[in-house]
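Chains as they are written, first to last, in the working numbering: chain A, 1 to 409; chain B, 1001 to 1409. Note sheet for the following structure.
This is the structure in structure tokens:
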């Protein structure tokens, strides 16, 4: 068995109820035995939904389905199983989706187009849809407004801890709550179709505005996080807004009244993204990379991800080695504007390379002490512009090889 | 110490002399002690030179210098040291280049603009140029037409074996010889600025034509090979043609008389690229990936490299696991045109997934037997076009982590 991540919190956070949302988990025995593997949420009529889906060109049938539902943008139910990704399963893929959708629609009493589904687990194995449909009526009957821990656990695959986060804010003086959870232990976990996240709020927001705010929050949270650079066939993030808070309906995404909401949603999604990186396969260190002075925010993010995805940077951190040459290398391969002679690299707050060369006689002691810790900070200033981004990842250790090379044996 | 690659040949190949080329290696003590670390080649007057350099935006000072010399395209000497990459060394970088260029120019009696240099090794440490310049006169005096083994060894860093290859052909009925060598143990070796390759021929070819043929051969050899996807600050390939064979000067790169030469140069460079992949850090398996049916050759290459760079595919192969779901995932993330339902994936010649799903009840025995071997073949047909490419890589093992995480300790 895989060791629990050293970053696992002592307990799952207490998440607040969201008016209009009831949720829970159940054991359907899709693949795992003796643990919940089916998550369901029931949403009150009038709930709008936004989301972000994998850009993979080999995406799964459930993702195809969600793309259709998101166009309409209203939802009454979400049904998710773990243990089987229902990806690359040919025509049986959409058949599996149909069984899940039918079961949820019947239980909730809504149309099929109001049901979102996701599947995570092994690729290429036919989904045993009957086990899921059989479990749905009882699962639905037991949904509660505080079923967060069961729900978060039910979507886990190789995760070593469930991941939840919440925040509150106000829209035009009306209090609003956001809560959600995520699974993922790498952009791809072994054999697993991986990152899923479900976020709920009682805010009243038109779907186009919710979609815009969600997209931006994704770019600054989940899209700033990487474990191994591999892209899932099933990545799915859904944000459901029940409208029960009763705030005044905003007119546009940039509405001043939405400032608090934008920040709170960003906070929840960032929190969840960081938890995913901290549960990265084999992770022994959590790495935050701040890139400043790039040509644009996009350029900064790409440079940050290039550093975060470099196996040589990740192994150096695992080895507690301030190998800044590898960071310079990763900046160079990112393909974004950079000037060798304007780069500044700091580790743990100590500048160790600047103006195109290593800092002679920098004090190695604080850097070495920092690298012995669990939380590693890398700052890179590109020195040519004002674009900045923060990116999160974990180190690359023997644990990753153990998990991924020895998965079936 | 790192174990020698299981793919290391019993001995360095016997390479033929190239008329107009004298070469050899010497110990300058730049970093390594008790082994050759300085390679020099002297080229007869009239030698033209082509090449390919790293696209890294943080490339080293020696690469900057080579880019200048290649514009003119004639050369009389090549001088290369191992153990120090002279990369990210600020103003001292070009100073180090100057010392090397001066030493070679003086020894050979040529202009500075006729000297090419390369450095490979640690990034960010000032090059001890005096040790190099001191060693050059004696090194130059001892150059011979059969100094290949010394030369190939002198440029090694973390390589576990020297890599050489040769081929013969004819241009318009006149026999022509090509021989060369390379170093590299990953696109980046630990702390090392990595892939270098030097190829020599007696063919008589104008520099623009040589450059065109070289570029194409690079795209189908070194650019089809990856160990860890990281890009060196120092990658340098040089092809020097002395013109001593006396063949009729070709008029263009597509000249029919050059067919044999193009193929022979491709063969030598492909051979060297494969040897680099086989000496990849921690490699226990050599992987050939044939992509067919893509939208274009470029698309096929990109898909192939995406599979080759996927840590999840590489660890699956290390674990002798026919995990085709990960191959499908890598195709999906390549960003090139692909259709989930037209993909075909074969391992060791056995089709295990096609038409959007796994082949039910495929015979696992030959696949398992194939994966237990050292040479792994993966075939992916995209099913939408005629573009094809072959890509080489190695698996990702505990050895890679050992070498890269524990490098300084």
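The C-beta atom is built at its ideal place from N, Cα and C for all residues, glycine as well.
- Within the present structure, is the beta-carbon of residue 50(A) separated from the nearest heavy atom of the ligand FAD by less than 8 Å? Looking for the ligand FAD in the displayed structure turns up nothing, as the structure carries no ligands at all.
- Message: Taking the beta carbon of residue 251(A) as the centre, do at least 16 other beta carbons fall within 10 Å, making it buried, or is it exposed?
- Response: Classification for residue 251(A): exposed.
- Query: Going along chain B in order, which residues have a C-beta closer than 8 Å to the C-beta of residue 129(A)?
  - Reply: Correct list: empty, because the minimum Cβ distance to chain B is about 15 Å.
- Query: Is the region 1193-1212 of chain B touching the region 1170-1184 of chain B, taking contact as three or more C-beta pairs under 8 Å?
  - Reply: Yes, they touch.
- Message: With a threshold of 9 Å between beta carbons, is residue 1133(B) in contact with chain A?
- Response: Output row for residue 1133(B): interface = no.
- Per-residue contacts from residue 340(A) into chain B (C-beta, under 8 Å): Within chain B, the residues near residue 340(A) are 1057, 1058, 1059, 1088.
- According to DSSP, is residue 1394(B) helix, strand or coil? Correct three-state label for residue 1394(B): strand.
- Item | Every unbroken beta strand (DSSP E) within the region 114-140 of chain A, with a cutoff of 3 residues, ordered by chain | Restricting attention to beta strand (DSSP E) runs no shorter than 3 residues, the region 114-140 of chain A encloses them at 115-122, ordered along the chain.
- Task: Throw me the rounded Cβ distance for the residue 344(A) and residue 381(A) pair, which I believe falls under 8 Å.
- Result: About 4 Å separates the Cβ atoms of residue 344(A) and residue 381(A), confirming a contact at the 8 Å cut-off.
- residue 304(A) to residue 389(A), Cα distance in whole Å? Rounded to whole angstroms, residue 304(A) to residue 389(A) spans 7 Å at the Cα level.
- Message: Does the contact criterion of 3 or more C-beta pairs under 8 Å hold for the region 1070-1078 of chain B versus the region 1041-1059 of chain B?
- Response: Segments in contact, yes.
- Message: Would you call the region 1359-1370 of chain B in contact with the region 155-170 of chain A, where contact means no fewer than 3 C-beta pairs closer than 8 Å?
- Response: Contact fails: fewer than three Cβ-Cβ distances are below 8 Å.
- Message: Please confirm whether residue 1219(B) has its beta-carbon closer than 9 Å to some beta-carbon of chain A.
- Response: The beta-carbon of residue 1219(B) is placed no less than 9 Å from the nearest beta-carbon of chain A.
- Item | Spatial distance of residue 1315(B) from residue 1276(B) (CA atoms) | Roughly 19 Å separates the two Cα atoms.
- Item | Residue nearest to residue 396(A) in terms of C-alpha spacing, selected from 1150(B), 1339(B), 1312(B) | Per the Cα distances, 1312(B).
- Query: Is any beta-carbon of chain A found at less than 9 Å from that of residue 1331(B)?
  - Reply: Cβ-Cβ to chain A under 9 Å: yes for residue 1331(B).
- Item | Nearest-angstrom beta carbon gap, residue 1036(B) and residue 1153(B) [assumed within contact, 8 Å] | Going by Cβ atoms, the distance from residue 1153(B) to residue 1036(B) rounds to 5 Å, so yes, they are a contact pair.
- Item | Interface partners of residue 1357(B) on chain A, CB under 9 Å | Neighbours of residue 1357(B) on chain A, chain order: 88, 89, 90, 91, 92, 93, 124, 126.
- Item | Assigned secondary structure, residue 178(A) (DSSP; H/G/I helix, E/B strand, else coil) | Residue 178(A): strand per DSSP, three-state reduction.
- Please classify residue 10(A): does DSSP put it in a helix, a strand, or coil? Three-state DSSP puts residue 10(A) in coil, outside helix and strand.
- Query: Applying a beta-carbon distance threshold of less than 9 Å, which residues of chain B neighbour residue 174(A)?
  - Reply: In chain order: nothing, as chain B lies at least about 42 Å away.
- Neighbourhood of residue 129(A) by C-beta distance below 6 Å, restricted to the same chain and skipping five residues each side: 96, 99.
- Message: As a quick exercise: from 34(A), 291(A), 185(A), pick the residue whose alpha carbon is nearest that of residue 400(A).
- Response: Here the closest residue by C-alpha is 185(A).
- Straight-line CA distance for residue 13(A) to residue 151(A)? Each residue's Cα considered, the two are about 13 Å apart.
- In angstroms, rounded to a whole number, what distance separates the CA positions of residue 1021(B) and residue 1375(B)? Rounded to the nearest angstrom, the two C-alpha atoms are 36 Å apart.
- Between residue 211(A) and the rest of its own chain, which residues show a CB-CB distance below 7 Å, the 5 nearest in sequence each way excluded? The residues are 50.
- Message: Strictly below 8 Å CB to CB, what residues from chain A border residue 1404(B)?
- Response: Chain A residues near residue 1404(B): 311, 312, 315, 316, 319.
- Item | Identity of the residue in 117(A), 255(A), 286(A), 261(A) nearest residue 273(A) by Cα | Answer by Cα proximity: 286(A).
- Helix, strand or coil at residue 1084(B) according to DSSP, with G and I counted as helix: Correct three-state label for residue 1084(B): strand.
- Kindly indicate if chain A contains any beta-carbon less than 9 Å away from that of residue 1335(B). For residue 1335(B), at least one C-beta of chain A is nearer than 9 Å to its own C-beta.
- Message: Buried or exposed for residue 1263(B), going by 16 or more other Cβ atoms inside 10 Å?
- Response: Exposed, by the Cβ-count rule.
- Query: Using a Cβ cut-off of 8 Å, which residues of the region 210-237 of chain A contact any Cβ in chain B, in chain order?
  - Reply: Residues passing the 8 Å Cβ filter: 228, 229, 230, 231, 232, 233.
- Task: Taking all protein chains shown into account, decide if residue 1373(B) is buried (16 or more other Cβ within 10 angstroms of its Cβ) or exposed.
- Result: By the 10 Å Cβ count, residue 1373(B) comes out exposed.
- Item | Residues that residue 99(A) contacts on chain B, provided the C-beta gap is smaller than 8 Å | Within chain B, no C-beta atom comes nearer than 8 Å to that of residue 99(A); the closest sits roughly 17 Å away.
- Straight-line Cα distance separating residue 1170(B) from residue 1093(B): Within the model, the alpha-carbon separation for residue 1093(B) versus residue 1170(B) is close to 42 Å.
- Message: If I measure Cβ to Cβ from residue 1102(B) and keep anything under 8 Å in the same chain, skipping five residues before and after, which residues do I get?
- Response: Once the five neighbours on either side are set aside, the close Cβ partners of residue 1102(B) are 1112, 1133.
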